[in-house]
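Written out below as structure tokens is the structure these notes cover.
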Amino acid sequence: MEKIASFTIDHIRLEPGIYVSRKDQAGSETITTFDLRMTSPNDEPVMNTAEVHTIEHLGATFLRNHRDFKEKTIYFGPMGCRTGFYLLLAGDYESKDIVGLVTEMFEFIRDFKDEVPGASPKDCGNYLDMNLGMANYLANRYLTKTLYDIDEAHLNYPA
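138 is the number that my numbering gives to position 121 of the sequence shown; each next residue is one higher, with no gaps.
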């Protein structure tokens, strides 16, 4: 069986960043999948499910309400390894094209202090598994350690 593209990336050398994971065609539309890597795989501890779940709720809410990207957002959700998130956008993009969007989203998550959208038994299948304080902390960490000074090495997968 052929290895899928995301398993061909050298996760030993992979650092936090914004990477184009793949591009797919859906009819005449290009769908760009981004790897929003927040921690160094196999080097740093993974994120716990409560903060990942909170970031997912906040990130999805932010994106689906964004003035420019709400109609282009296909999906935002966690990686199974809990080292980051996938963002799927309708359109043919490069990593540098969405640095502003990702920065804005993580500033929103960092600064969010209200009730987490969708964190109720009626709206979510695991509403108690949330940790807003850690989501705020991890968003700030991603902003300060990666996004605010992102360079080409953290916009393109290691060769």
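Ideal Cβ positions, reconstructed from N, Cα and C, are used throughout, including at glycine. Note that the coordinates shown come from a computational prediction; the quantities given were computed from them, not determined experimentally.
Those residues which DSSP pairs with residue i across a bridge
i    : result
K113 : Answer is none; K113 lacks a bridge partner.
P41  : First, the residue type needs correcting, since residue 41 is Asp and not Pro in the sequence shown. Bridge partners of D41: I48.
P175 : Answer by DSSP bridge pairing: none, since P175 is not bridged.
L104 : F51, F93
Y36  : D52
Backbone secondary structure at residue i - three-state DSSP
i    : result
K139 : coil
F93  : strand
I126 : helix
M18  : coil
Y165 : coil
L31  : coil
N157 : helix
V133 : coil
M147 : coil
Integer Cβ distance of residue i from residue j, believed to fall under 8 Å
i    : j    : result
Y174 : I26  : 5 Å
N143 : H70  : 7 Å
G108 : K89  : 6 Å
P134 : T50  : About 24 Å separates the two Cβ atoms, so there is no contact after all.
N148 : F129 : Actually they do not touch by this definition, with Cβ atoms about 12 Å apart.
Short Cβ contact (7 Å threshold) for residue i with residue j
i    : j    : result
L164 : T100 : no
L53  : I35  : yes
I72  : I115 : no
L172 : S112 : yes
A67  : D146 : yes
A220 : F123 : Shown here, the chain extends from 18 to 176; a query on residue 220 therefore has no answer.
L106 : F93  : no
P33  : M64  : no
S57  : S38  : no
List in chain order: all unbroken beta strand (DSSP E) runs of 3+ residues lying wholly within the segment 54 to 102. 90 to 95
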